[in-house]
Amino acid sequence: MECPYCHYIETKVTDSRDTGTLSIRRRRECLKCNKRFTTYEYIELTPIYVKKKDSRLEKFDRNKIKNGIMKALEKRPIDHDKIEEIVNSIEEKIRRTGKEEIESKLIGEFVMEKLKETDHVAYIRFASVYRSFTDISSFQEEVKNLIEHTTGGVKK
Numbered sequence: 000m001e002c003p004y005c006h007y008i009e010t011k012v013t014d015s016r017d018t019g020t021l022s023i024r025r026r027r028e029c030l031k032c033n034k035r036f037t038t039y040e041y042i043e044l045t046p047i048y049v050k051k052k053d054s055r056l057e058k059f060d061r062n063k064i065k066n067g068i069m070k071a072l073e074k075r076p077i078d079h080d081k082i083e084e085i086v087n088s089i090e091e092k093i094r095r096t097g098k099e100e101i102e103s104k105l106i107g108e109f110v111m112e113k114l115k116e117t118d119h120v121a122y123i124r125f126a127s128v129y130r131s132f133t134d135i136s137s138f139q140e141e142v143k144n145l146i147e148h149t150t151g152g153v154k155k
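Residue numbers (numbering that gives the first Met the number 0): 0 to 155.
See below:
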């Protein structure tokens, strides 16, 4: 691995951590300048295609899920590591279907399921866009359903 600071070729791994089933985080140290940096290794898997509402196929892109989740969680008390964990979990669930083609609707449901577990405000934000609420009554109905299905504990 080339050092991003001095471009020396030899580095040593000082720490490796599994960040989920799809990636490994490694801390590295350059053997010349002694600076440290982080790399991520991802498993290269068979591509998955997403079937859109209009039947077009698009190559699966985890960053689209991540961006949607980040938008829903904007100004919420959830850190970047938790967002990565959520995205990894959703991608793993998609891959466990064993399908090379998956409907965008199912991915949206997976995202909503994880947001519902993580942050209720983010869940409602995402649902309002994903389900295309057209009026306040649709919004109220979703909030009502969320409250009814929340079991004990603090509502987020």
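We treat Cβ as the ideally placed atom computed from N, Cα and C, and that holds for glycine. Bear in mind the structure is a predicted one, so any value in this text is a computation, not a measurement.
Residue i in three-state terms, based on DSSP
i	result
residue 24	strand
residue 101	strand
residue 36	strand
residue 138	helix
residue 9	coil
residue 15	strand
residue 129	helix
residue 31	coil
residue 51	coil
residue 122	helix
Supposed close pair residue i, residue j - CB separation, criterion 8 angstroms
i	j	result
residue 16	residue 24	5 angstroms
residue 121	residue 75	6 angstroms
Rounded separation between residue i and residue j - CA only
i	j	result
residue 126	residue 111	7 angstroms
residue 143	residue 61	30 angstroms
residue 148	residue 141	11 angstroms
residue 130	residue 51	15 angstroms
residue 152	residue 146	Because residue 152 carries a pLDDT of 42, less than 50, the predicted location of this residue cannot be relied on, and no value is offered for it.
residue 100	residue 123	27 angstroms
residue 47	residue 94	8 angstroms
residue 66	residue 133	23 angstroms
residue 41	residue 91	12 angstroms
residue 57	residue 29	39 angstroms
residue 39	residue 32	21 angstroms
residue 4	residue 139	53 angstroms
residue 21	residue 44	9 angstroms
residue 9	residue 26	14 angstroms
residue 89	residue 96	11 angstroms
residue 84	residue 103	20 angstroms
residue 13	residue 37	10 angstroms
residue 2	residue 107	39 angstroms
residue 6	residue 80	28 angstroms
Kindly provide the ranges of any alpha helix (DSSP H) runs that are 4 or more residues long and lie completely inside the region 54 to 114, ordered along the chain. 61 to 71 and 79 to 95, all fully within the region 54 to 114.
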